[in-house]
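Its first residue numbered 8, the sequence shown is counted upward by one per residue in my numbering.
Every residue gets a Cβ at the ideal spot worked out from N, C-alpha and C, and that includes glycine.
Shown next, in structure tokens, is the structure this report addresses.
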Amino acid sequence: MKDKRILYVSSEVVPYLPETEISSMSFEAPRMVNKQGGQIRIFMPRFGNINERRHQLHEVIRLSGINLVINDLDMPLIIKVASIPKERIQVYFIDNEDYFKRKATLTDEDGKLFSDNDERAIFFAKGVIETVKKLNWAPDIIHVNGWLASLLPLYLKEFYKTEPLFTESKIVTSVYNQSFEGTLDKDMISKVNFDGLDAETTELLKQPDYINLMKVAIDNSDAVIRGSQELPEELDTYLNDLTKPVLDYYSIDEFADPYTEFYNNAVLNS
């Protein structure tokens, strides 16, 4: 992976949030590429329960200050950055007072999904892409983890399809068994279509549940990785029927060689 540029976009990353399959792999995979001499960037949301002082987050003024339009509203984009101790890995945090200040990630204290999670997902996807544009950093691979990041492949393939920085980028989505009950806001499709996306590509978002969000991510990716040993049956079948490259599940102890081979042979050559 020497000199290859890989952009990791994840809803959660250790050590900033507790250990899960997503947060652990979103740290271990970049660390692996970093050790192999690859260039990496990690992006995640700056959730309000991330301790900024302990993790030494600081705002990057030159990257902040853009307004992103979400459903006809201007929402200011704030970019913060921190370094993972001992790894010399930088993590960029997508922030906004309205979307990410609350002291929780995706659900309230009763376990109920936040009503604006759909808008947070749109903001996160557009925020990552706009920040990478400002960095003028063209990734060879963009690796997406977690359902809050699931709109990124759609926006790259549709909203930003004429953006030259991403012309050669290959998109990989890891699919995990970390879902949610019910659906996001039923108006999500109109908010996405407000950005002028092709209605055919957003059809599944009429029912914005976990399965359909992941199907949208899969459909707009160049390759897929099974991030969990067991997946919901409908997603399992969906992956089995794909003609694009799919990598089987590998545990954190054994993923390094299969991921490296998959990146080099299946993804970059697809």
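CB of residue i within 9 Å of CB of residue j, strictly
| i | j | result |
| --- | --- | --- |
| F121 | T114 | yes |
| M32 | F262 | yes |
| R12 | I96 | no |
| D125 | P215 | yes |
| L238 | V223 | no |
| W144 | R48 | yes |
| V88 | V67 | yes |
Residue closest to residue i, alpha-carbon to alpha-carbon, out of the options
| i | options | result |
| --- | --- | --- |
| F166 | P37, A206, G189 | A206 |
| Q185 | G234, T209, M195 | G234 |
| P171 | V151, I136, L191 | I136 |
| Y266 | V20, A36, K9, T169 | A36 |
| S228 | A145, K164, L64 | K164 |
| Y183 | G134, Q236, R48, T208 | Q236 |
| S181 | G203, F187, I232 | I232 |
| L275 | L24, M221, E175, L220 | E175 |
| D202 | A111, V40, Y162 | Y162 |
Residue i classed as buried or exposed, judged by whether at least 16 other C-beta atoms fall within 10 angstroms
| i | result |
| --- | --- |
| K198 | buried |
| F100 | buried |
| V76 | exposed |
| P83 | exposed |
| E28 | buried |
| P92 | exposed |
| T250 | exposed |
| T209 | buried |
| G45 | buried |
| A111 | exposed |
CB-CB length for residue i against residue j, believed under 8 Å
| i | j | result |
| --- | --- | --- |
| A128 | L158 | 5 Å |
| V16 | I148 | With 8 Å as the limit, V16 and I148 do not qualify as a contact, their Cβ atoms being about 11 Å apart. |
| L70 | I86 | 4 Å |
| M51 | V20 | 5 Å |
Below-9 Å beta-carbon distance, residue i vs any chain D residue
| i | result |
| --- | --- |
| M51 | Judged by its chain identifiers, the structure shown contains no chain D, having just a single protein chain. |
Where the beta strand (DSSP E) containing residue i begins and where it ends
| i | result |
| --- | --- |
| R12 | 12-17 |
| K87 | 85-91 |
| P52 | 46-52 |
| R233 | 230-233 |
| F100 | 96-102 |
Span of the alpha helix (DSSP H) around residue i
| i | result |
| --- | --- |
| L242 | 240-247 |
| V223 | 217-226 |
| K42 | 28-42 |
| L75 | Counting along the chain, L75 falls outside any alpha helix (DSSP H), though it belongs to the beta strand (DSSP E) covering 74-77. |
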